[in-house]
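K.L.:
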Amino acid sequence: MRFERNSQNWNTIEQGEKDCFLLTNGLGGYSSLSVIGSLARGDQALLMSAQKAPNVRRHLISNLLETFSMDGTNYVLTSQRMMNQPDLEGFRYLDSFSYDKIPTWTYRIGDVVISKRMVMVHGENTVALQYNIHSEQKHQCRLTLTPMLRFSPKKEEFCEKQQITVNIEQDNLYRIKGAEDVLYVAANAQMQEEPSHLFGPMYFSQDERDGREKQGRTVCTHSYISETETGETQNDINVILSTKPYTYHEGLFDELLHSRQAYEEALLKKAHLSSEIGRQLVLSADAYVVDRESTQGKSIIAGYPFFEDWGRDTMIALAGTTLVTGRLEECKSILQTFAKYEHHGLLPNLFPEGDVEPMYNSVDAPLLFINAVYEYIQTSKDNAFLQEVWDVLKRIMTAYETGTDYHIGMDSDCLIQAGADLEQLTWMDVRVGNHLPTPRHGKPVEINAYWYNDLEIMKQFALLQQDNELAQHYAELADKVKEAFLLKFWNEEENCLKDVLSGNSEENQVRCNQVWVLSMPYTMLPKEKELCVLHKIKEELYTTAGLRTLSPRDNAFHDIYIGSMQERDRAYHQGTVWAFPLGAYYRAWTKYLRQDASDKTSVYKAELAEGIEAIRYWLEEGCLGQLAEIYDGAKPTVSRGCFAQAWSVGELLRAVYEWEQL
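Each residue of the sequence shown is one higher than the last, beginning at 421 in the numbering used here.
1. With DSSP run on the structure shown, which of helix, strand or coil describes Q612?
2. Considering only residues of the stretch 642–694, which uninterrupted alpha helix (DSSP H) runs meet the minimum length of 4 residues and lie entirely inside it, listed in chain order?
3. Which class does L603 belong to by DSSP, given the choice of helix, strand or coil?
4. I'd like to know whether the C-beta of Q700 is nearer than 8 Å to at least one C-beta of chain C.
5. Return the CA-CA distance between I588 and L603, expressed in angstroms with no decimal places.
6. Looking at the structure shown, is L514 part of a helix, part of a strand, or coil, going by DSSP?
7. Just verifying my parser: in three-state terms, what is the DSSP assignment at A1064?
8. Can you round the beta-carbon distance between V920 and K863 to whole angstroms, since I take them to be within the 8 Å contact cut?
9. Could you please give the first and the last residue of the uninterrupted alpha helix (DSSP H) stretch that includes R1007?
10. Using CA atoms only, rank isn't needed, just tell me which of C440, S925, E913 and W871 is closest to D899.
11. Going straight from the alpha carbon of Q1015 to that of F441, what length do you get?
12. Which one of Q610, T741 and S643 has the shortest CA to CA distance from L688?
13. What is the DSSP secondary structure of L951, counted as helix, strand or coil?
14. How long is the line joining the alpha carbons of P768 and Y761, rounded to whole angstroms?
15. Per DSSP, which one or two residues make a beta bridge with V639?
16. How long is the line joining the alpha carbons of T818 and M830, rounded to whole angstroms?
17. Relative to the alpha-carbon of E424, which residue among G1070, K918, E1041 and F1063 has its alpha-carbon at the smallest distance?
18. Sorted by chain position, which residues of the same chain lie with C-beta nearer than 7 Å to K918's C-beta, five sequence neighbours on each side aside?
19. With S452 as the anchor, note down where its beta strand (DSSP E) starts and where it stops.
20. Could you tell me the distance, in whole angstroms, from the CA atom of V937 to the CA atom of E948?
21. Taking the C-alpha atoms as reference points, what is the distance between E959 and I1035?
22. Please return the same chain residues whose Cβ sits closer than 6 Å to the Cβ of D1052, not counting the five positions on each side in sequence.
23. State buried or exposed for N475, treating a residue as buried only when at least 16 other CB atoms are found within 10 Å of its CB.
24. Could you tell me if P786 is buried or exposed, where buried requires 16 or more neighbouring beta carbons within 10 angstroms of its beta carbon?
25. What does DSSP give as the partner residues of P864 in its beta bridges?
26. Helix, strand or coil: how does DSSP classify A460 here?
27. On the premise that D531 lies in contact with E556, defined as a C-beta separation below 8 Å, what is that separation, rounded to the nearest angstrom?
28. Tell me the rounded alpha-carbon separation between V744 and G823.
29. Helix, strand or coil, according to DSSP, for F578 in the structure here?
30. Which residues in the same chain have their Cβ closer than 7 Å to the Cβ of D627, if we skip the five residues on either side of it in sequence?
31. Exposed or buried, what is R680 when buried is set at 16 or more other beta-carbons lying within 10 Å of its beta-carbon?
32. Going by C-alpha to C-alpha distance, which of P859, L967, S704 and R478 sits closest to D989?
33. Does the separation of the CB atoms of L480 and F624 fall below 8 Å?
34. For the candidate residues V1023, W1038, E950 and E1049, whose alpha-carbon lies nearest to that of Y1005?
35. Taking all protein chains shown into account, decide if L618 is buried (16 or more other Cβ within 10 angstroms of its Cβ) or exposed.
36. Considering A548, what are the terminal residues of the beta strand (DSSP E) in which it resides?
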């Protein structure tokens, strides 16, 4: 997809900061600015490097301060909102912005056109920029690029005591050194040192909206200057920012650009999606598949710009980001990584760096892992992989059956219960001090859907392993789970499923978690009740942006996600729209339509087609080409939270893929 904006989209700097772009490098590093080239968040940067993939990240350079001089008159091209001083309003000269795999800006000053292109190199902490200055008339022009350096860990402020030096390594190659960082700049421009000075404080409008730190500073120590005369020839200025030293030559930018283009073409060729939305989501999904240095394998970043790689998010996003896209080796590597870290039948919800032990506070990740292994084997036909992970799968099942950490275990009715006190073990896991806004202790509906699904899967796996006794055990247990589930989870009053069997009022809340009862490979509800659940979700929870986490009829419903962290946390799962459950909802409809031949099928199919097409709108909003984490519960018009979320992209990509197969 091609995303375009023009000057009508930024009559004010506030308007220009509504949308942004994201480039990534497969290591956890990224580049992200608003469409007018400003920083609207403290976690946005021209180059956020991954020092140790994927989570040890360094904020190297926030942006370039761009000043254009034409016939002695200076024009600042950079846009940036500032604290207690005038904003930089380069957007006044910005004619257009386009994003078609790479971002391109076009500025116009009189009869001079200045274009800028940018690419991030896969597998490296490298960002390359190319400026082109063109006019049919003769003008004496100068472009001055001043690095706005941060040289700090991600999420930390620039240390003002830090000494930064810049040296000439060789012709057109410069080395910038800080206390812990080295950045190389290869450019066909002259370096000019200047007295070190702080730039800022800058104002981060999106952070203030979300209740985060709203200001930040960088340091400037030098500039790169290129002088040219317009007229008969076009003039390119190339700047390569990297943690590795590039030897500059005239075709370097084009080499890096073509390498990126070839990489993305290979992704599309491997994925076999035909629709424009599907092909865009294939490219979007690549942002999340990253190296993990500590395990020498692959992982999935949960979201940009805030999150790291988490177990639950990985298992939910895995099928969409790897299986649907044909990246089977990456999928296998991720499953192998998690299998190595199985502990007491649980899998890591968070991989910390260094010597700190992983955190295992997730009741769903191990169950989703079994389903992921099943889907990988179904897709890849790699039956040998079952033997590799068979003991891990059995340990997970035994732990859930006999009981394990965090009060996770099977009750006498064969349903899974989990959690006590302040433990939050499902994806609705917010804790505000000693208060749980969404307590789900007891028997959550989706966890028991996963449990039944896994019992059916493990029955098949046991037969493949020629363990008939174990297969029989899983079969008998699955029958008991189904019987108890159908007896206890149906809510006659609401004509849908209860959210959690807890013995308190929360169990009857109408929530989106029931959608996974319908979307898993093996399900328990009779067809007529599946349709009831789908209609309930459609009536009270469905939006084209995602599913509401709570019905608006509920007194606990929050209509907006904004304010301080505590205010946002209280709304996080209390009505706020999440994008990723929408994938399961669409897949549940696709699954239903495959089995139904009634007169209503055409109506349902048309409605599903409209929903799939509506994904286009959300790809155009916020972070262009990506899908956000969340949206407001009452009127989901503006993205909130992470502007690019793995399970949002993965689940909706999977839904589009299954729709294309319908």
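Note that the Cβ used here is the ideal one computed from N, Cα and C, for glycine as well.
P.N.:
This is what the structure gives:
1. For the purposes of this step, residue 612 is taken as residue 192 along the sequence shown, with counting starting at 1. Three-state DSSP puts Q612 in a strand.
2. 672–691
3. Along the sequence shown, read from residue 1 onward, the residue named residue 603 stands at position 183. Of the three classes helix, strand and coil, the one that applies to L603 here is strand, per DSSP.
4. Here chain C cannot be found, since the structure has a single protein chain.
5. Along the sequence shown, read from residue 1 onward, the residue named residue 588 stands at position 168. Along the sequence shown, read from residue 1 onward, the residue named residue 603 stands at position 183. So the alpha carbons of these two residues sit roughly 12 Å apart.
6. On the sequence shown, position 94 is the one that residue 514 refers to. In the structure shown, L514 sits in a strand (DSSP, three-state: E or B).
7. Taking the first residue of the sequence shown as 1, we reach residue 1064 at position 644. DSSP places A1064 in strand when its eight states are reduced to three.
8. Here residue 920 corresponds to residue number 500 of the sequence shown, with the count starting at 1. Here residue 863 corresponds to residue number 443 of the sequence shown, with the count starting at 1. Sure, about 6 Å apart at Cβ, within 8 Å.
9. Within the sequence shown, the letter at position 587 stands for residue 1007. Residues F1000 to Q1015.
10. For the purposes of this step, residue 899 is taken as residue 479 along the sequence shown, with counting starting at 1. If we check each option's Cα against that of D899, W871 comes out closest.
11. Taking the sequence shown and counting its residues from 1, one reaches residue 1015 at position 595. Taking the sequence shown and counting its residues from 1, one reaches residue 441 at position 21. The alpha-carbon atoms of Q1015 and F441 are separated by roughly 40 Å.
12. What you label residue 688 is simply residue 268 of the sequence shown in a count that begins at 1. Comparing Cα-Cα distances from L688 to each of Q610, T741 and S643, the minimum goes to T741.
13. Along the sequence shown, one-based indexing puts residue 951 at 531. Three-state result, L951: helix.
14. Reading the sequence shown from its first residue, position 348 is the one you call residue 768. Reading the sequence shown from its first residue, position 341 is the one you call residue 761. Whole-angstrom Cα-Cα distance: 7 Å.
15. Looking up residue 639 in the sequence shown gives position 219. Answer is L569 and L618.
16. Within the sequence shown, numbered from 1, the residue matching residue 818 stands at position 398. Within the sequence shown, numbered from 1, the residue matching residue 830 stands at position 410. Distance between the alpha carbons of T818 and M830 is about 10 Å.
17. Along the sequence shown, one-based indexing puts residue 424 at 4. The residue with the shortest Cα to Cα distance from E424 is E1041.
18. The sequence position of residue 918 within the sequence shown is 498, counting from 1. Correct list, in chain order: V865, F909, N911, E927 and N928.
19. Start at 1 with the first residue of the sequence shown, and residue 452 comes out as number 32. Y450 to S452 is the span of the beta strand (DSSP E), which, as asked, contains S452.
20. In the sequence shown, residue 937 corresponds to position 517, counting from 1. In the sequence shown, residue 948 corresponds to position 528, counting from 1. Cα to Cα, the separation comes out at about 14 Å.
21. What you label residue 959 is simply residue 539 of the sequence shown in a count that begins at 1. What you label residue 1035 is simply residue 615 of the sequence shown in a count that begins at 1. Each residue's Cα considered, the two are about 19 Å apart.
22. Mapped onto the sequence shown, residue 1052 falls at position 632. So the list reads I980 and Y981, once near-sequence residues are dropped.
23. By 1-based counting over the sequence shown, the position of residue 475 is 55. So N475 counts as buried.
24. Stepping through the sequence shown from its first residue, residue 786 is reached at position 366. P786 should be labelled buried.
25. For the purposes of this step, residue 864 is taken as residue 444 along the sequence shown, with counting starting at 1. P864 is bridged to V920.
26. Looking up residue 460 in the sequence shown gives position 40. Three-state result, A460: coil.
27. The residue labelled residue 556 in the question sits at position 136 within the sequence shown. The residue labelled residue 531 in the question sits at position 111 within the sequence shown. Confirmed, Cβ separation roughly 7 Å.
28. As a position in the sequence shown, residue 744 is number 324, starting the count at 1. As a position in the sequence shown, residue 823 is number 403, starting the count at 1. For V744 and G823, the distance between alpha carbons rounds to 34 Å.
29. Working through the sequence shown from its first residue, we reach residue 578 at position 158. Coil, per DSSP.
30. In the sequence shown, the residue the question calls residue 627 occupies position 207. Closer than 7 Å at the Cβ level, and outside the excluded window around D627, lie R461, G462, E633 and K634.
31. Counting from 1 along the sequence shown, the entry for residue 680 is found at position 260. Under this definition R680 is a buried residue.
32. Counted from its first residue, the sequence shown places residue 989 at position 569. Of the candidates P859, L967, S704 and R478, the one whose C-alpha sits nearest the C-alpha of D989 is P859.
33. As a working note, residue 480 is residue 60 in the sequence shown. As a working note, residue 624 is residue 204 in the sequence shown. In this structure, F624 does not lie closer than 8 Å to L480 by Cβ.
34. Translated into positions along the sequence shown, residue 1005 becomes position 585. Checking every option, the nearest Cα to that of Y1005 belongs to E950.
35. Translated into positions along the sequence shown, residue 618 becomes position 198. It is exposed - the Cβ of L618 has fewer than 16 other Cβ atoms within 10 Å.
36. Working through the sequence shown from its first residue, we reach residue 548 at position 128. Looking at the DSSP string, the run of the beta strand (DSSP E) that includes A548 is T546 to H554.
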